[in-house]
Amino acid sequence: MLIVGCSHGTHLAKSIAKKLNKKYHELEVTKFPDSELKLRFNTPIKGKYVILVQSFYENINDCVVETLFAAETARDLGAKEVILVAPYFPYLRQDKRFNPGECISLRTIAKNIDEDFDKVIIIDPHLHREKTLEHIFRIKSKKLTANPLIVEYIKKNIKNPVIIGPDWESYKWAQKVAEEIGCDFAIMEKKRYSARKVEVKLHKKIDLNGKNLIFIDDMISTGNTLLRAIAALNKIGAKKVTCFAVHGILVENALEKLKKAGATVITTNTIPNKTAKIDVSNLIAESLK
Ligand code: R5P
0 MLIVGCSHGT
10 HLAKSIAKKL
20 NKKYHELEVT
30 KFPDSELKLR
40 FNTPIKGKYV
50 ILVQSFYENI
60 NDCVVETLFA
70 AETARDLGAK
80 EVILVAPYFP
90 YLRQDKRFNP
100 GECISLRTIA
110 KNIDEDFDKV
120 IIIDPHLHRE
130 KTLEHIFRIK
140 SKKLTANPLI
150 VEYIKKNIKN
160 PVIIGPDWES
170 YKWAQKVAEE
180 IGCDFAIMEK
190 KRYSARKVEV
200 KLHKKIDLNG
210 KNLIFIDDMI
220 STGNTLLRAI
230 AALNKIGAKK
240 VTCFAVHGIL
250 VENALEKLKK
260 AGATVITTNT
270 IPNKTAKIDV
280 SNLIAESLK
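Each residue of the sequence shown is one higher than the last, beginning at 0 in numbering that gives the first Met the number 0.
So, in structure tokens, the structure goes:
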């Protein structure tokens, strides 16, 4: 088995290899002056199970192209199987034609992944209209969840929690974690007007007295969902809150805005950043055994 770190997966690939007692390999990725990508495996591939570890953040589209190039090359060089470990997998929210003429981006991405890989492993994929990974990919797939790690972190660090999911889709994280801890929870209702404009309301009465308020969602992108949710709960007396997410995409100064709103942000390291306090490398390593 070859554990290969692609450009945006090196932070996890190194510790996955260590946990599995395997040598770590890095994909050599360079760019031509006109920004075309060039990549190279610096180790023999023939007959090997090649695990490509790639997360998709910052320049997502370059990451996609690089990953497809790497898989195709591994196959061409004689790999026995090519497996994608995607701690954060993109484009899952673009799973339908919301407006006439739009591209269903997920379909195109999935078609190419099916073509080049034998298996895909994803942590907490954003499955909404598509219920399972089997509905998206034709190749073998495995869904991992960081929920037990979030539960462990909360149990260790936060007393008397009450958990809020900022929209109904977040129940898979907020409700599941609350049930595991055995604490109160509520799921808010979100109306999305655009990529940056949302309204969030709480319909259930919750007792915040002496409680530590925690929001949990699968991802934080612009932070607007959580900023609106925090504003709604400020009105009923919430002061200090902690926001948990599996994937800290954190674009457009999301972290600074959330801090300004009085929130502490904790994420896993599917995407490496300042908030990544929960390590998923063991979760991935176990899934490869
Ligand atoms: C959407 O359904 C997701 O679960 C997140 O709530 C959303 O993508 C977060 O995006 P943002 O931080 O930009 O509001």
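Even glycine gets a Cβ: it sits at the ideal position worked out from N, Cα and C.
- With fewer than 16 other Cβ atoms from the protein chains shown falling within 10 Å of its own Cβ, Gly77 counts as exposed.
- When DSSP states are grouped into helix, strand and coil, Asp117 belongs to the coil group.
- The Cβ atoms of Ile138 and Ile213 do not sit closer than 8 Å to each other.
- DSSP, read as helix, strand or coil, puts Tyr152 in helix.
- With a 10 Å radius around the Cβ and a threshold of 16 neighbouring Cβ atoms, Phe184 comes out buried.
- The beta carbon of Ser14 sits closer than 7 Å to the beta carbons of Ser280 from its chain, once the five residues preceding and following it are set aside; these are given in chain order.
- In the structure shown, Val279 falls within a coil segment according to DSSP collapsed to helix, strand and coil.
- In the structure shown, the three-state DSSP call for Ser54 is coil.
- At least one heavy atom of the ligand R5P is found less than 7 Å from the C-beta of Ala253.
- Just so you know, the alpha carbons of Lys45 and Lys175 end up roughly 43 Å apart.
- Residue side-chain check: Glu198 keeps its Cβ at 7 Å or more from all non-hydrogen atoms of the ligand R5P.
- At least one heavy atom of the ligand R5P sits closer than 7 Å to the Cβ of His125.
- Exclusion of Met0 from the 7 Å shell around the ligand R5P follows from its C-beta lying no nearer than that to any non-hydrogen atom of the ligand.
- A Cβ-Cβ contact shorter than 8 Å links Leu91 with Pro124.
- By the Cβ rule, the region 143-162 does not count as touching the region 100-114, because fewer than three pairs are nearer than 8 Å.
- Less than 8 Å separates the beta-carbon of Lys210 from that of Pro160.
- For Phe243, the closest alpha carbon among the candidates Leu257, Leu232, Glu251, Asn233 is that of Leu257.
- Take the alpha-carbon of Lys18 and the one of Ala284: they are about 6 Å apart.
- Contact between Glu80 and Asp33 fails: their C-beta atoms lie close to 34 Å from each other, not under 8 Å.
- Rounded to whole angstroms, Ser140 and Val3 show a C-alpha spacing of 19 Å.
- Here Ile122 is buried, its C-beta having at least 16 other C-beta atoms within 10 Å.
- The residue from Glu101, His134, Tyr56, Val28 with its alpha-carbon nearest to that of Phe68 is Val28.
- When the Cα atoms are used, Ile82 and Leu287 turn out to be separated by approximately 10 Å.
- Straight-line measurement puts the Cα of Thr267 at about 26 Å from the Cα of Leu201.
- Here DSSP, grouped into helix, strand and coil, assigns Thr221 to coil.
- The residues Cys5, Leu51, Gln53, Leu83, in chain order, have a CB closer than 7 Å to that of Thr66 in the same chain once the five nearest residues on each side in sequence are set aside.
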